[in-house]
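When the sequence shown is numbered by UniProt numbering, its final residue is 222 and no position is left out of the sequence of numbers.
Heads up, the beta-carbon is just placed ideally off N, CA and C, and yes, glycines get one too.
Being a predicted model, the structure only gives us computed values, none of them experimental.
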Amino acid sequence: MISIQENIRSFDTLLQDTSCKLIAVTKTKPIEMLMQAYEAGSKRFGENKVQEMVEKYEQLPKDIEWHLIGHLQSNKVKYIAPFVSMIHSIDSLKLLQEVDKQAKKYNKIIPCLLQIHIAEEETKFGLSYQEAEELLQSSGLSVLKNITIAGLMGMATFTDNQEHIRQEFRGLKLFFEQMKRKTLPAQVKLTELSIGMSGDYQIAIEEGSTLIRVGSSIFGAR
Ligand SMILES: *Cc1c(COP(=O)(O)O)cnc(C)c1O
């Protein structure tokens, strides 16, 4: 039997002397399990579907930070804008413009991460390094007052080859550092590097992750 409480505690211990934080990925898991994580002190949850996140938000305590980590369609931004803490999956200027528009209605600033495609698989979403650099430098960005680009997110290739995963994370970290040195619009405040999941969080922490997104290692297989 898995103990959510014990799992959360071991992540607390692992991360206590680092600048990396845990996002407990709660997708597909029932409210009771989220409540167990909450009671063990976990207040930062990640979901990949808008409707599921809204339903869980409505039922749970209001001091939870909600992170949208999955692909986001522009027409669904309005449902999460009132409460979302961070959107990890920005992959176009158009989506960013919609987030800005919805955030404005609530007079808030929504921190966003650019999702970068670092894996070999074709199916994973995200921007290439070149597309990301263009977005960061685009004039369209400087007029958006209700978002910040708080950093970058990436998912490594699904492989047992640890060295391969490390190289992908290292490439993203290098790009992150290069972008930090550029003169970019005031909305760009690159502080977060969202890398690492159940299979590769140890490598991600070593390579400079500030946010690991962990699901099955806490809640069991989906
Ligand atoms: C599901 C998911 C995770 C967590 O995956 P685990 O392997 O269960 O830790 C992390 N990031 C994203 C974007 C996800 O969709």
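Residue i, DSSP secondary structure in three states
| i | result |
| --- | --- |
| glycine 208 | coil |
| isoleucine 23 | strand |
| residue 223 | No information on residue 223 is available, as it lies outside the stretch 1 to 222 that the chain covers here. |
| leucine 127 | strand |
| leucine 135 | helix |
| phenylalanine 219 | helix |
Residue i - containing alpha helix (DSSP H), residue span
| i | result |
| --- | --- |
| glutamate 120 | No alpha helix (DSSP H) contains glutamate 120, which DSSP labels as neither H nor E. |
| leucine 14 | 4-15 |
| isoleucine 80 | 77-80 |
| leucine 72 | Note, leucine 72: premise wrong, no alpha helix (DSSP H); not H, not E. |
| leucine 34 | 31-39 |
| methionine 53 | 50-59 |
Unbroken beta strand (DSSP E) run spanning residue i, endpoints
| i | result |
| --- | --- |
| serine 89 | 86-90 |
| phenylalanine 45 | 44-47 |
| leucine 93 | Leucine 93 -> not in any beta strand (DSSP E); alpha helix (DSSP H) instead, spanning 93-105. |
Beta carbon of residue i nearer than 9 Å to that of residue j
| i | j | result |
| --- | --- | --- |
| methionine 153 | isoleucine 69 | yes |
| isoleucine 87 | glycine 171 | no |
| phenylalanine 45 | isoleucine 31 | no |
| lysine 21 | phenylalanine 219 | no |
| serine 198 | valine 188 | no |
| glutamate 65 | lysine 43 | yes |
| residue 223 | glutamine 167 | Past the edges of the chain, shown from 1 to 222, lies residue 223, and the structure says nothing about it. |
| glutamate 47 | lysine 78 | no |
| glycine 151 | threonine 191 | yes |
DSSP beta-bridge partners of residue i
| i | result |
| --- | --- |
| glutamine 147 | Per the sequence shown, the amino acid found at residue 147 is isoleucine instead of glutamine. Answer is Ile110, bridged to isoleucine 147. |
| residue 223 | In the structure displayed, the chain extends from 1 to 222; residue 223 sits before or after that span and is not available. |
| glutamate 65 | Arg44 |
What runs of the alpha helix (DSSP H), each 4 residues or longer, lie entirely inside the stretch 151-210?
162-180, 201-206
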